[in-house]
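Student: Structure incoming, see below.
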Amino acid sequence: MPVRLTSLHLLEVLHKKVLWDIGFCTGSISIEARLKNPNLKVIAFEKRESCQLIMQENEERFGVFEIEKRIGDFFEQDIEELPEPDTVFIGGHGGRLAELLERLVSILPDEGIIVFNAVREESKKTFSTVCSRLGLLLVENMAMTIDNHNTIHLFKAIKK
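Here is the structure:
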């Protein structure tokens, strides 16, 4: 919960219009974002079909129903037809983080936000390096350790 709530804070969901949640799995970011801002358009992407039922059950449990779900590989999605996100959460990248960031920066408006949570050292380095190469400004890099769990690094980058 602390990581999810901090991620939502970094996403600035109270002041945004369109959130893309990439790798939604249980739907916790998407659902909590809609609970905090009922006017927020949420488009959630997930590669695994099995997560669609999990998300549906959680939507019903929390009374949140207007999340647009896209099942399948994000890189095979026609994102040009979708509303432009002003904030993006990366919950999964399938080992293609650099490519994902390149695709996102091409559609993200100026002042658009990308939030990413990383556990692995390689993911942390890739995010920082690629953000720098693409001209994204890294404005947050914090570490959170809850109980005996792995440390999670929360990153926030802004397109300038």
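Going by the numbering used here, the sequence shown opens with residue 21, and the numbers climb by one from there. We treat Cβ as the ideally placed atom computed from N, Cα and C, and that holds for glycine. A quick note: this is a predicted structure, and the numbers were derived from the prediction, not measured.
1. Ends of the beta strand (DSSP E) at E96?
2. Which residues mark the beginning and the end of the beta strand (DSSP E) in which R90 is found?
3. For H113, report the span of its beta strand (DSSP E) as first-last.
4. On the three-state DSSP scale, how would you describe M21?
5. Assuming A53 contacts L31 under a Cβ cut-off of 8 Å, what Cβ separation, rounded to an integer in Å, is found between them?
6. Let me know the secondary structure DSSP gives L60 once reduced to three states.
7. Out of L124, E69, Q72, D106, point me to the one whose CA is closest to F95's CA.
8. Taking a contact to mean a Cβ-Cβ separation below 9 Å, would you say L55 touches K37 in this structure?
9. Give the secondary structure of N137 by DSSP, where H, G and I count as helix, E and B as strand, and everything else as coil.
10. Starting from the C-beta of I49, find all residues in its chain whose C-beta is less than 6 Å away, skip the five residues before and the five after it, and write them out in chain order.
11. Which residue wins for smallest C-alpha separation from A163, given the options Q72, H173, T46?
12. Which residue comes first and which comes last in the beta strand (DSSP E) that contains I172?
13. May I ask you to list the residues that DSSP assigns as paired with A163?
Tutor: A quick look at the data gives this:
1. First-last for E96: undefined, no H or E at that position.
2. Per DSSP, R90 belongs to the beta strand (DSSP E) from 87 to 91.
3. Counting along the chain, H113 falls outside any beta strand (DSSP E), and DSSP gives it neither H nor E.
4. Three-state DSSP puts M21 in coil, outside helix and strand.
5. With 8 Å as the limit, A53 and L31 qualify as a contact, their Cβ atoms being about 7 Å apart.
6. Correct three-state label for L60: coil.
7. Proximity to F95 across L124, E69, Q72, D106 peaks at L124, based on C-alpha coordinates.
8. L55 is not a Cβ neighbour of K37, given a cutoff of 9 Å.
9. Looking at N137 - three-state DSSP - the assignment turns out to be strand.
10. Around I49: D41, F109.
11. With distances taken between Cα atoms, A163 lies closest to H173.
12. First-last of the beta strand (DSSP E) with I172: 172 to 179.
13. Within the DSSP bridge table, the entry for A163 names H173 as partners.
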